[in-house]
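Here is the structure we will look at, set down as structure tokens.
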Amino acid sequence: MQPHLLSVPAQRGSSEAAPAVRPVRFAGLRLVHAALRRDLARVPTALRLLQPGDEAAADALQRHWDFLTAMLTCHHEQQDVRLWPLLRRFAPELRLLVNWLEDDHHNLDHSFTRTTTLMRVATRDPASAWPVAYAVEELAARLETHLRIEEEQVLPLMTQLLAPQSRVGTLGELLDLLRLADGPGAPDALAWLLEGVAPEQIDALIADCDDLTARQWPHWQAVYARVASQLWGPVPAVD
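Residue 1 is where the sequence shown starts when you use the UniProt record's numbering, and the numbers rise one by one after that.
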């Protein structure tokens with residue numbers, strides 16, 4: 001996991017006490033990608049560490065997997081409904097690629113559904129956890145190809161097409177969509193997304209959210225840290 005995820009500090013002068021943080025375009029999309037990579041890398045280890053009779057750990061891992069897949073579904077819906085139509089209209093040269101990405105969303109959703117079935121077996125019977133862990137690793141590699149295509153071929157063009165003040169792909173847009181959708185709650189999603197992000201970058205991202213989110217963020221972060229520590233151990237601080 002990258003220790004300074006999304007942190008883009010400017011050069012510090014001799015009189016500056018702390019680094020400045022430049023805005024990160026499409027932070028909502030980038031955060032989802034980073035969080036998916038992070039968790040798909042550590043779920044296999046958690047599966048292999050499951051012990052017979054440890055129902056609390058098994059239940060926690062299953063709940064987190066269900067949350068992770070729900071976030072992936074919301075991410076895909078955000079792109080299919082909001083982003084791809086824009087690219088088809090204003091970047092027609094990308095239509096074939098966008099069509100492939102949308103089709104691949106459906107394929108990935110089916111793959112995650114199948115893996116969810118395997119996860120339910122593994123969390124009920126830890127003896128079967130090792131092959132399921134390998135299945136998760138294969139799924140992570142499959143998803144990585146998709147994410148890299150979006151980051152290397154789509155996001156650069158979005159930077160040219162969309163004005164800097166556009167909300168498309170931002171963290172604020174993602175939180176709004178989560179509130180409207182029948183999916184994960186914004187508090188859980190925000191804390192999950194910002195795990196591993198440098199504190200100065202978190203401050204900048206939270207400052208762009210609504211006042212309620214800004215007020216509640218310390219509580220949400222603390223609750224998430226307690227829950228995450230039960231799954232992965234203490235969440236390391238980012239300097």
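We put the beta carbon where it would ideally sit given N, CA and C, even for glycine.
As the structure is a prediction and not an experimental result, all values here were calculated from the model.
Leaving out five residues before and five after Ala163 in sequence, what residues of the same chain have Cβ atoms less than 7 angstroms from its Cβ?
Taking the sequence shown and counting its residues from 1, the one referred to as residue 163 is at position 163. Apart from the 5 residues on each side of it in sequence, Ala163 has no Cβ closer than 7 angstroms to any other Cβ in its chain.
Does the distance from the C-beta atom of Trp220 to that of Leu193 stay below 8 angstroms?
If you number the sequence shown from 1, residue 220 lands on position 220. If you number the sequence shown from 1, residue 193 lands on position 193. With contacts defined by Cβ atoms closer than 8 angstroms, Trp220 and Leu193 do not form a contacting pair.
DSSP state of Val197 mapped onto helix, strand, coil
Along the sequence shown, read from residue 1 onward, the residue named residue 197 stands at position 197. In the structure shown, Val197 sits in a strand (DSSP, three-state: E or B).
For the alpha helix (DSSP H) containing Arg42, list its first residue and its last residue.
For the purposes of this step, residue 42 is taken as the residue at position 42 of the sequence shown. For Arg42, the enclosing alpha helix (DSSP H) stretches over residues Ala27 to Arg48.
Got a sec? Which residues, its chain only, sit under 8 angstroms from Thr213 by beta carbon, not counting five neighbours each side?
Here residue 213 refers to the residue found at position 213 of the sequence shown. Non-local beta-carbon contacts of Thr213 in its own chain, meaning distances under 8 angstroms to residues more than five positions away in sequence, involve Leu175, Ala186, Leu190 and Ile206 in chain order.
Using CA coordinates, which residue listed in Glu138, Arg114 and Leu87 is at the minimum distance from Arg37?
By one-based count along the sequence shown, residue 37 stands at place 37. For Arg37, the nearest C-alpha among the options comes from Glu138.
Please name the residue in Glu77, Ile202 and Val223 whose C-alpha comes closest to that of residue 241.
Given that the chain is displayed from residue 1 to residue 239, the structure contains no residue 241 and the question cannot be resolved.
For Leu118, which residues of its own chain have a beta-carbon under 7 angstroms away from its beta-carbon, when the five flanking residues on both sides are left out?
Start at 1 with the first residue of the sequence shown, and residue 118 comes out as number 118. Around Leu118: Val132 and Ala135.
Would you mind giving the Cβ-Cβ distance between Arg42 and Trp232, rounded to the nearest angstrom? I have them listed as a contact below 8 angstroms.
If you number the sequence shown from 1, residue 42 lands on position 42. If you number the sequence shown from 1, residue 232 lands on position 232. Right, their Cβ atoms sit about 6 angstroms apart.
If contacts are defined as beta-carbon pairs under 8 angstroms, then Arg48 and Ala129 qualify, I think. What distance do you get, rounded to the angstrom?
Residue mapping note: residue 48 aligns to position 48 of the sequence shown, counting from 1. Residue mapping note: residue 129 aligns to position 129 of the sequence shown, counting from 1. Sure, about 6 angstroms apart at Cβ, within 8 angstroms.
Tell me the rounded alpha-carbon separation between Thr45 and Arg89.
As a position in the sequence shown, residue 45 is number 45, starting the count at 1. As a position in the sequence shown, residue 89 is number 89, starting the count at 1. Their Cα atoms are separated by approximately 43 angstroms.
Answer yes or no: do Leu94 and Leu50 have a C-beta to C-beta separation smaller than 8 angstroms?
Here residue 94 refers to the residue found at position 94 of the sequence shown. Here residue 50 refers to the residue found at position 50 of the sequence shown. Cβ atoms of Leu94 and Leu50: not closer than 8 angstroms.
Output the distance between the C-alpha atoms of Asp104 and Ala122, rounded to the nearest integer angstrom.
The residue you call residue 104 lines up with position 104 of the sequence shown. The residue you call residue 122 lines up with position 122 of the sequence shown. Roughly 26 angstroms separates the two Cα atoms.
Return yes when the Cβ of Thr73 is within less than 8 angstroms of the Cβ of Asp109, no when it is not.
Start at 1 with the first residue of the sequence shown, and residue 109 comes out as number 109. Start at 1 with the first residue of the sequence shown, and residue 73 comes out as number 73. Contact flag set, yes.
Comparing C-alpha positions only, which one of Arg226, Thr113, Leu101 and Val81 sits nearest to Gly169?
Within the sequence shown, the letter at position 169 stands for residue 169. Minimum Cα distance to Gly169 is reached at Val81.
Determine the DSSP secondary structure at Gln170, reduced to helix, strand or coil.
Here residue 170 refers to the residue found at position 170 of the sequence shown. Residue 170 is actually Thr in this sequence, not Gln. Here Thr170 sits in coil by DSSP.
Residue range of the alpha helix (DSSP H) that includes Ala60:
Stepping through the sequence shown from its first residue, residue 60 is reached at position 60. From DSSP, the alpha helix (DSSP H) with Ala60 extends over Glu55 to Gln78.
Identify, in the order they occur along the chain, each residue of the same chain with its Cβ nearer than 8 angstroms to the Cβ of Arg179, setting aside the five sequence neighbours on each side.
Your numbering for residue 179 matches position 179 in the sequence shown. These residues qualify, in order along the chain: Ala186.
Looking only at its own chain, which residues have a Cβ that is under 6 angstroms from the Cβ of Ala18, when we skip the five neighbours before and after it?
As a working mapping, residue 18 is identified with position 18 in the sequence shown. Low per-residue confidence applies at Ala18: pLDDT is 48, beneath 50, and the placement is therefore not dependable, though the value from the model is reported in the following sentence. Result list for Ala18: empty, nothing under 6 angstroms.
Within 10 Å of its beta-carbon, does Gly196 have 16 or more other beta-carbons around it, so buried, or fewer, so exposed?
Working through the sequence shown from its first residue, we reach residue 196 at position 196. Buried, because 16 or more other Cβ atoms sit within 10 Å of the Cβ of Gly196.
Sub-8 angstroms separation of Arg113 and Trp65 beta-carbons:
The residue given as residue 113 occupies position 113 in the sequence shown. The residue given as residue 65 occupies position 65 in the sequence shown. Residue 113 is actually Thr in this sequence, not Arg. No, Cβ-Cβ distance for Thr113 and Trp65 is not below 8 angstroms.
So, is Gln2 buried or exposed, given that buried needs 16 or more other C-beta atoms within 10 angstroms?
Here residue 2 refers to the residue found at position 2 of the sequence shown. Because Gln2 carries a pLDDT of 41, less than 50, the predicted location of this residue cannot be relied on, and the following value inherits that uncertainty. The residue is exposed, with fewer than 16 neighbouring Cβ atoms inside 10 Å.
Would the beta-carbon of His33 fall within 8 angstroms of that of Leu147?
Mapped onto the sequence shown, residue 33 falls at position 33. Mapped onto the sequence shown, residue 147 falls at position 147. It is a contact, given that the beta carbons lie within the stated cut-off.
Assuming contact is defined by CB atoms lying nearer than 8 angstroms, are Thr159 and Arg25 in contact in what I supplied?
The residue labelled residue 159 in the question sits at position 159 within the sequence shown. The residue labelled residue 25 in the question sits at position 25 within the sequence shown. By the CB criterion at 8 angstroms, Thr159 and Arg25 fall inside the cutoff.
Would you say Leu86 and Ile149 are within 8 angstroms of each other, going by their C-beta atoms?
Working through the sequence shown from its first residue, we reach residue 86 at position 86. Working through the sequence shown from its first residue, we reach residue 149 at position 149. In this structure, Ile149 does not lie closer than 8 angstroms to Leu86 by Cβ.
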